[in-house]
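J.:
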Amino acid sequence: MTHITTVSTAPIAGQKPGTSGLRKKTPVFMGRHYLENFVQAIFDVVGARNEDGGGKTFVLGGDGRYFNDRAAQVILRMAAANGAARVIVGQGAILSTPAASHLIRLNQTDGGIIMSASHNPGGPNEDFGVKFNMPNGGPAPEGVTEAMYQRTTEITEYKMLEAQDVDLGRVGRHQLGAMSVDVVDPVTDYAALMESLFDFPAIRAMFAGGFRMRMDSMCAVTGPYAVEILENRLGAPKGTCVNATPLPDFGGMHPDPNPTWAKALMDEMFGSDAPDFGAASDGDGDRNMVVGRGIYVSPSDSLAVLAANAHLAPGYRAGLKGVARSMPTSAAADRVADALGIGKFETPTGWKFFGNLLDAGKATICGEESFGTGSDHVREKDGLWAVLLWLNILAVRKQSVAEILAEHWATYGRNYYSRHDFEAIEVAKADAMMAALRGSLAGLPGRGIEGMTISAADDFAYTDPVDGSVSLKQGVRILFEDGSRIVYRLSGTGTEGATLRVYLERYAAGPEGLELDAQEALAPVIRAAHALAGIAGHTGRTAPDVVT
Ligand code: G1P
Ligand code: ZN
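Read in the numbering used here, the sequence shown has 1687 at position 303, and its numbers run on one by one without any break.
1. Considering only C-alpha positions, which residue in the set P1928, V1605 and Q1534 is nearest to E1807?
2. Whole angstroms are fine: how far does the CA of M1650 sit from the CA of E1753?
3. Whole-angstrom Cβ separation of D1815 and R1885, contact assumed at under 8 Å?
4. Report buried or exposed for R1831, applying the criterion of at least 16 other Cβ atoms within 10 angstroms of its Cβ.
5. Under a three-way DSSP split, which group does G1474 fall into?
6. Report the start-end ranges of each beta strand (DSSP E) in the segment 1617-1692 that is 3 residues or longer and not cut off at the edges.
7. Is G1878 a contact residue of the ligand G1P, with contact defined as CB to any heavy atom under 7 Å?
8. Is the distance from the Cβ of G1496 to the Cβ of A1483 below 8 Å?
9. Any idea what DSSP makes of D1718, helix, strand or coil?
10. Between which two residues does the alpha helix (DSSP H) carrying H1387 extend?
11. Determine the burial state of A1770: buried for a count of at least 16 other Cβ atoms within 10 Å of its Cβ, exposed for fewer.
12. Do G1703 and the ligand NAP come close, with the Cβ less than 7 Å from some heavy atom?
13. Y1796 by DSSP, collapsed to three states: which one?
14. Going by DSSP in three states, S1580 sits in which element: helix, strand or coil?
15. Which term fits P1411, buried or exposed, when burial requires 16 or more other beta carbons within 10 angstroms of its beta carbon?
16. By the DSSP assignment, the beta strand (DSSP E) with I1862 in it spans what residues?
17. Would you tell me roughly how many angstroms separate the C-alpha atoms of F1634 and E1612, rounded to the nearest one?
18. Which residue's Cα is closest to the Cα of S1656: G1667, I1679, G1751 and L1825?
19. Please tell me whether S1855 and A1845 are closer than 8 Å, where the distance is taken between their beta carbons.
20. Just checking my contact of L1825 with D1843 at CB under 8 Å: how many whole Å lie between their CB atoms?
21. Can the beta-carbon of F1768 be found less than 8 Å from the beta-carbon of G1669?
22. As an exercise, report each continuous beta strand (DSSP E) stretch of at least 3 residues that is fully enclosed by the segment 1773-1818, in chain order.
23. Report yes if the C-beta of R1671 is less than 7 Å from at least one heavy atom of the ligand ZN; otherwise report no.
24. Counting only the same chain and skipping the five closest in sequence on each side, list residues whose C-beta sits under 6 Å from that of V1720.
25. Let me know the secondary structure DSSP gives T1923 once reduced to three states.
26. According to DSSP, which residues form a beta bridge with E1889?
27. What are the partner residues of N1517, as DSSP defines its beta bridges?
28. Could you spell out where the beta strand (DSSP E) holding L1560 opens and where it closes?
29. For the candidate residues P1712, G1706, G1745 and I1838, whose alpha-carbon lies nearest to that of Y1872?
30. Would you kindly check if the distance between the Cβ of H1486 and the Cβ of G1521 is under 8 Å?
31. Expressed to the nearest angstrom, what Euclidean distance is found between the alpha-carbon atoms of A1790 and Y1800?
32. Measure the alpha-carbon distance for Q1903 versus R1911 and round it to whole angstroms.
33. Locate the alpha helix (DSSP H) running through G1446, then write down its first and last residues.
34. Give the secondary structure of M1532 by DSSP, where H, G and I count as helix, E and B as strand, and everything else as coil.
35. In angstroms, rounded to a whole number, what distance separates the CA positions of H1503 and G1756?
36. Is T1481 near the ligand G1P, in the sense that its beta carbon is under 7 Å from a heavy atom of that ligand?
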């Protein structure tokens, strides 16, 4: 007989899930009762049993970072102790975030637990994270994460099954007390979903014709997915995928696919023998960066191009219901939505705000400036999905990335765009800066600066068009009469001090001035952003740490 132990514990301060789950330094997560308390809070809120007493089914997997394997065993023992009937686990406790979302939906489960700190570095002294996804496959909404947090402040005990580890290396059914553990190949179902959405024969023919690509998985979770889909199924030459073995410390890489952290890929794509197409994805596989030969595609532009061309892929042949973007994302996608005569939505930062729009059939494609794009095929952003949609478009249009972007800007105009991040600022200083900025908003409209005139200034508030819920204080927006825009907000995912994000945008209608360097085109907007918020005065910073 297996035995269930009830362990006495006490609340641990600060177990408050942020934009995407609870993220902390790995040693914190490995501390006494830390993981256990949070996991018990999850089960206390969502329940491991149904109303009729029968056990629920969950999905479990993670991005393979340090502590992923041991945390999975703890979560399994706790799921069994709390009365779950079945857990579907990726082999080796590996699942990319979009693949986990797909498995939750495919098997009509009661949700899933994903172990990841996304694009944050992994390792004994780096970051770890745990998040809960709902039965629709999407991140838990604020009401649910808030209830989990409340529970962590009251917790007095957690339940644990006394048992040895489950062999997560072996695919098939295992037993843990009364609970079944189904270990599945992490790639198979996801790859089948991709094959159902995209024109694999056309992409295969493109590779067979000599098309060259570099896929950089940054030693994180997408490696096995990319090798199976791009090399095995689509016939891309061996070696197309690099850094394709997931490592507990991501090989020391910072698995955040942007020009700063995916520098090797950028250097190759701008070098003399550059391939036709380059892409990178993040720790848990939900983010993507795409690059053409000698040309970088900003995530905001990528969203717009994907929306304008999605009908070229079989899965989207019937057209899009609508396009949604996070508020700080550029308005380039809005112009496509207007041209297509479909709905457009502006949501707060964080993928969870897209869930209702996707569930209600109001939007088909969604995106964030932070290298996230996805569609209604799952309820998370999906890095490889975006890469495959780009490949599908390239295969059908038979043009280069540069040609496709140039035609796009000629048609819609160009929204020059950049994000400047100021990291590890003292929290009090960042808060004081934001408070002062918020206090100054009423006096800004009508004011001239850097040759531009401010037309409006506010703190973004969002009313969900589906459930009517309201989210306040989602970022300060300053709009200019010429269509330029500055947005300021503090990160909700950082683990060290405060990160100030400044989002900069300027619209050029064309036909002249569409091919400038983004930082050059944005220079007056950048100067205005520093002056209006007094960034240097408040934080002592004169230049950003990361520019994307
Ligand atoms: C960041 C991104 C945001 C994304 C989130 C999770 O959040 O800016 O778009 O949804 O990571 O990947 P932030 O740190 O800005 O709160
Ligand atoms: Zn991620």
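Every residue, glycine too, gets a C-beta built ideally from N, C-alpha and C.
T.: According to the structure shown:
1. P1928
2. 18 Å
3. Not really, about 14 Å apart at Cβ, beyond 8 Å.
4. exposed
5. strand
6. If one requires a minimum length of 3 residues, the beta strand (DSSP E) runs lying completely within the segment 1617-1692 are 1661-1665, 1672-1676 and 1679-1681, in chain order.
7. yes
8. no
9. helix
10. Counting along the chain, H1387 falls outside any alpha helix (DSSP H), though it belongs to the beta strand (DSSP E) covering H1387 to S1392.
11. Under this definition A1770 is a buried residue.
12. This structure lacks the ligand NAP; the ligands present are the ligand G1P and the ligand ZN.
13. helix
14. helix
15. Burial call: exposed.
16. V1860 to F1864
17. 20 Å
18. I1679
19. yes
20. 7 Å
21. The residue asked about is misnamed: residue 1768 is Leu in this sequence, not Phe. For L1768 and G1669, yes; Cβs fall inside 8 Å.
22. 1798-1809
23. yes
24. A1688, A1691 and A1692
25. helix
26. Y1801 and R1869
27. G1496 and P1523
28. That run of the beta strand (DSSP E) goes G1556 to L1560.
29. Check the Cα spacing between Y1872 and each of P1712, G1706, G1745 and I1838: the tightest is with P1712.
30. yes
31. 13 Å
32. 11 Å
33. No alpha helix (DSSP H) contains G1446, which is instead part of the beta strand (DSSP E) from T1441 to G1446.
34. helix
35. 12 Å
36. no
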